[in-house]
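Peer 1: If you scroll down you'll find the structure; I have some questions about it.
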Amino acid sequence: FPVGIAARMPASAAAAAAEGEEKAAEAGGRELLYCGTVRFDIMGRTVKGGVQGRGNLVSPTRLRPLVGVDIRFVASGCAACHCVALSSDGRCFSWGRNEKGQLGHGDTLLRNLPTVVSKLSKYNIIAAGVGRNHTVVVTDDGRSFAFGDNRHGQLGMGSLRSGTRVSPVPCLVTKATNAVCGADFTVWLSSVEGSSILTAGLPQYGQLGHGSDNEYNANASSVRLTYDPQPHPRAIAALSGKTVVKVACGTNHTVAVDSSGFVYTWGFGGYGRLGHNEQKDEWQPRLVEIFQKNNMLSPSDIISAGSASSACTAGGRGQLYVWGKLKNWGDECMYPKPVRDLSGWNIRCMASGDMHHIVGAEDSCISWGLSEYGELGYGPTQKSSVNPKKVDILEGMHVTSVGCGVGMSLIVVDRANVGDKLDQLDNFDGDIAEETPEPEQVTKAASPTTNSRSNKRKKASEHAEPEAEDGIRQVPKEEAECGSHGRGRGRGRGAKTATPEPMPSGRGRGRGRPKKGTSSPGAATPEAGSSGRGGKKSGKRGRPRK
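Here the sequence shown stands for residues 1 to 546, numbered as in full-length UniProt numbering.
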């Protein structure tokens, strides 16, 4: 990273700034700002009419139902198309896509504005995690509730019955203190001694940390592999002697920090997102070597995980380290590397989405990455940024919490000492002027060489991360082939090419296509025994070279 942003506060002043943060927030209150898409129904999908760019809030915007509401925490996920906001009085607001009941309102209706989860109104919600199609919350008395998709047991209710739950159900976790979600799995932190971290859900890449991916054949005569869901929250045995104090989840990997400041990662290892200098899945927690001795994490340091990346601050100096796939182009970072642009900044909070990142540091909001829906908050003139860049409209505001989802960013700012800056921001009241198009079901047209045998071979050889039912691209296509850079097998000596074949022309000047049922005078016929393109098909398929 080239140096692009100069430090504005010495590292020695970081502690003093942190001490006054909570007092300032309580005195002035905090407000949620949102940027990105509000078309949750069509986000990431092919739609009729081509209106993918409409309905985007490209600058930080106030949401009408939350104007004046003191928001202390926000959550979304790098695989999620919905989000959650928690108020200081314990209320839980949710909005976004709701096809699996992941908003917890007792139905599957989409909501493009924050709505209180009424069935949680008698609880004081202190933490929340958001997955691809599920949500988990934690109360101040240690209870945990979940709602949404439960196909893989990610709700932690001990059963796979009723694949979706549109209203909150209790999780089988006691004395919970926090909950974080990956795409299809959940991680809880607990104050129970010896069981400080528990997991449930999809085990495909070892992201549950129990030493297995629970893989098996669907049946004896099939090569199709499947993965046994884990609906019972279970403590990670490899960390039974540790007290885990922080955790973050990517799409299919997990990052955790214990009370001694050591960092552990496990799950899908593509693009080096685990920080072990190799692209290897880890089925149980593995220590990240660089964060030891004088470079351990302090209680004030933060961690973050995106779809294919991880990040943390370390060393007591607030230096940000990142590793994994950080952008859609260029090489990946196989081990943690410092972000020189942000050296010397007091980084207070950070969140990572699919391919974008948001940081709250001192009195600035900084973002970078790929932006398709305005989620970086730069306004209409610029969409993406390779390097960390300030969100100019928020300069001078104290950011206390951030969250990132697919095509969206949530930023909580302190109302104190901002004057009328908040009043100058746009307000969104849910009114979308453009006509709502229908999401189009994308089907792949069969190519001339498509056959059932090749389809079976393709399905048997795939090793990609699970596809989302909602059609969202969760990871780049090449990620499924991570670690394999060689050329594939040949297409076969007798395989056809997919290029269009020219029609044989007849004698004279006419060059049109022959009428149905007739042949061109100069065309080769099956009776002629020709092996040319117009001849009879041989009926033999070419075999791939071994």
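Glycine included, each C-beta is placed from N, C-alpha and C at the ideal position.
Computed from a predicted structure; not experimentally measured.
1) Inspect the beta-carbon positions of S191 and K175 and report whether they are closer than 7 Å.
2) I need the straight-line Cα distance from I71 to D149, nearest angstrom please.
3) Would you mind listing the beta strand (DSSP E) stretches within the UniProt repeat "RCC1" (318-363) that are 3+ residues and don't spill past its ends, in chain order?
4) Let me make sure I understand the geometry here. Which of L109, K337, A146 has the alpha-carbon closest to that of G92?
5) Using a Cβ distance threshold of 8 Å, determine whether the stretch 363-378 contacts the stretch 422-431, with at least three qualifying pairs required.
6) Please tell me whether F185 and Q207 are closer than 7 Å, where the distance is taken between their beta carbons.
7) R234: which of A200, V263, A80, Q319 sits nearest, CA to CA?
8) What beta strand (DSSP E) runs, 3 residues minimum, are completely inside the stretch 68-122?
9) Using only alpha-carbon positions, find the residue among V84, S401, G101, N252 that is nearest to V130.
10) Taking the C-alpha atoms as reference points, what is the distance between Q382 and H357?
11) Looking at the strands, I want to know which residues DSSP matches up with H134.
12) Quick one: give me the first and last residue of the beta strand (DSSP E) that F185 is part of.
13) What does DSSP give as the partner residues of R64 in its beta bridges?
14) When you compare the stretch 225-242 with the stretch 154-163, are there three or more beta-carbon pairs, one atom per stretch, that lie closer than 8 Å?
15) Among G419, Y335, S384, H398, which one has its Cα closest to the Cα of G36?
16) Looking at the structure shown, is Y271 part of a helix, part of a strand, or coil, going by DSSP?
17) Quick test of the definition: if touching needs 3 or more C-beta pairs under 8 Å, does the stretch 273-290 touch the stretch 340-350?
18) Could you spell out the range, first to last residue, of the beta strand (DSSP E) harbouring G211?
19) Can you tell me the Cα-Cα spacing of M334 and G369, whole angstroms?
20) Quick check on I432: does DSSP put it in helix, strand or coil?
21) Please state whether the Cβ-Cβ distance between G403 and V116 is less than 7 Å.
22) Identify the continuous beta strand (DSSP E) that holds L32 and give its terminal residues.
23) In three-state terms, what does DSSP make of P437?
24) Using a threshold of 7 Å, state whether the C-beta atoms of G430 and L103 are closer than that.
25) Is the CB-CB distance between A248 and A308 below 7 Å?
26) For the beta strand (DSSP E) containing I303, name the first residue and the last one.
27) Considering only C-alpha positions, which residue in the set K421, S118, S94, L120 is nearest to N133?
28) What three-state label does DSSP hand K175 in the structure shown?
29) Following the continuous beta strand (DSSP E) through A235, name the residue where it begins and the one where it ends.
30) May I ask which residues mark the beginning and end of the beta strand (DSSP E) holding D258?
31) Using a Cβ-Cβ cutoff of less than 6 Å, which residues in the same chain neighbour G96 once the five nearest sequence positions on both sides are dropped?
32) What three-state label does DSSP hand I42 in the structure shown?
33) Are the beta-carbon atoms of A311 and V322 separated by less than 7 Å?
34) Could you give the residue range of the beta strand (DSSP E) that holds R224?
35) Does DSSP put A238 in a helix, a strand or coil?
36) CB-CB under 7 Å to T243, same chain, minus the five flanking residues each way: which ones, in chain order?
Peer 2: Taking the geometry as given:
1) Residue mapping note: residue 191 aligns to position 191 of the sequence shown, counting from 1. Residue mapping note: residue 175 aligns to position 175 of the sequence shown, counting from 1. Yes, these two residues count as a Cβ contact at 7 Å.
2) Residue 71 sits at position 71 when you count from the first residue of the sequence shown. Residue 149 sits at position 149 when you count from the first residue of the sequence shown. Those two C-alpha atoms are separated by around 26 Å.
3) 319-324, 333-338, 347-352, 356-361
4) Position 92 of the sequence shown, counting from 1, holds the residue named residue 92. Going by the sequence as given, residue 92 is Cys instead of Gly. Looking at the Cα atoms, A146 is the closest of the given residues.
5) no
6) Here residue 185 is taken as the residue at index 185 of the sequence shown, counted from 1. Here residue 207 is taken as the residue at index 207 of the sequence shown, counted from 1. Against a cut-off of 7 Å, the Cβ pair of Q207 and F185 comes out as a contact.
7) Mapped onto the sequence shown, residue 234 falls at position 234. Nearest C-alpha to R234: A200.
8) 71-75, 82-87, 92-96, 111-116
9) Position 130 of the sequence shown, counted from the start, is the residue given in the question as residue 130. With distances taken between Cα atoms, V130 lies closest to V84.
10) As a working note, residue 382 is residue 382 in the sequence shown. As a working note, residue 357 is residue 357 in the sequence shown. Approximately 16 Å between the Cα atoms of the pair.
11) Start at 1 with the first residue of the sequence shown, and residue 134 comes out as number 134. H134 is bridged to G148.
12) Your numbering for residue 185 matches position 185 in the sequence shown. It spans 185-190 - the beta strand (DSSP E) in which F185 sits, taken as one unbroken run.
13) One-based indexing of the sequence shown puts residue 64 at position 64. Paired residues: none, contrary to the question.
14) yes
15) On the sequence shown, position 36 is the one that residue 36 refers to. Comparing Cα positions, the closest option is S384.
16) Within the sequence shown, the letter at position 271 stands for residue 271. In the structure shown, Y271 sits in a helix (DSSP, three-state: H, G or I).
17) no
18) Locating residue 211 in the sequence shown gives position 211, counting from the first residue. Segment: none, G211 is in no beta strand (DSSP E) and carries neither H nor E.
19) Residue numbering aside, residue 334 sits at position 334 when the sequence shown is read from its first letter. Residue numbering aside, residue 369 sits at position 369 when the sequence shown is read from its first letter. Their Cα atoms are separated by approximately 18 Å.
20) Residue mapping note: residue 432 aligns to position 432 of the sequence shown, counting from 1. Coil.
21) For this step, residue 403 is matched to residue 403 along the sequence shown. For this step, residue 116 is matched to residue 116 along the sequence shown. No. Outside cutoff.
22) In the sequence shown, counting from the first residue as 1, residue 32 sits at position 32. Segment 30-37, the beta strand (DSSP E) holding L32.
23) Locating residue 437 in the sequence shown gives position 437, where the first residue counts as 1. Reliability of the predicted coordinates at P437 is poor, the pLDDT of 46 falling under 50, and the value obtained from them is presented with this limitation in mind. In the structure shown, P437 sits in coil (DSSP, three-state: anything other than H, G, I, E or B).
24) Translated into positions along the sequence shown, residue 430 becomes position 430. Translated into positions along the sequence shown, residue 103 becomes position 103. No, they are not a contact pair.
25) Here the question's residue 248 lines up with position 248 in the sequence shown. Here the question's residue 308 lines up with position 308 in the sequence shown. No, Cβ-Cβ distance for A248 and A308 is not below 7 Å.
26) Within the sequence shown, numbered from 1, the residue matching residue 303 stands at position 303. Here the beta strand (DSSP E) through I303 covers 303-305.
27) As a first step, residue 133 must be located in the sequence shown, where it is residue number 133. Residue S94 is the option with its Cα nearest to N133.
28) Translated into positions along the sequence shown, residue 175 becomes position 175. The answer is coil: DSSP assigns K175 none of H, G, I, E or B.
29) Here the question's residue 235 lines up with position 235 in the sequence shown. First-last of the beta strand (DSSP E) with A235: 230-235.
30) Translated into the one-based positions of the sequence shown, residue 258 becomes position 258. Here the beta strand (DSSP E) through D258 covers 253-258.
31) One-based indexing of the sequence shown puts residue 96 at position 96. The residues are F40, C81, H82, C83.
32) Position 42 of the sequence shown, counted from the first residue, corresponds to residue 42. DSSP places I42 in coil when its eight states are reduced to three.
33) Against the sequence shown, residue 311 aligns to sequence position 311. Against the sequence shown, residue 322 aligns to sequence position 322. Yes, Cβ-Cβ distance for A311 and V322 is below 7 Å.
34) One-based indexing of the sequence shown puts residue 224 at position 224. Premise fails: R224 is in no beta strand (DSSP E) and is neither H nor E.
35) The sequence position of residue 238 within the sequence shown is 238, counting from 1. A238: helix per DSSP, three-state reduction.
36) For the purposes of this step, residue 243 is identified with residue 243 of the sequence shown, where counting begins at 1. Contacts found: S196, D258, S259.
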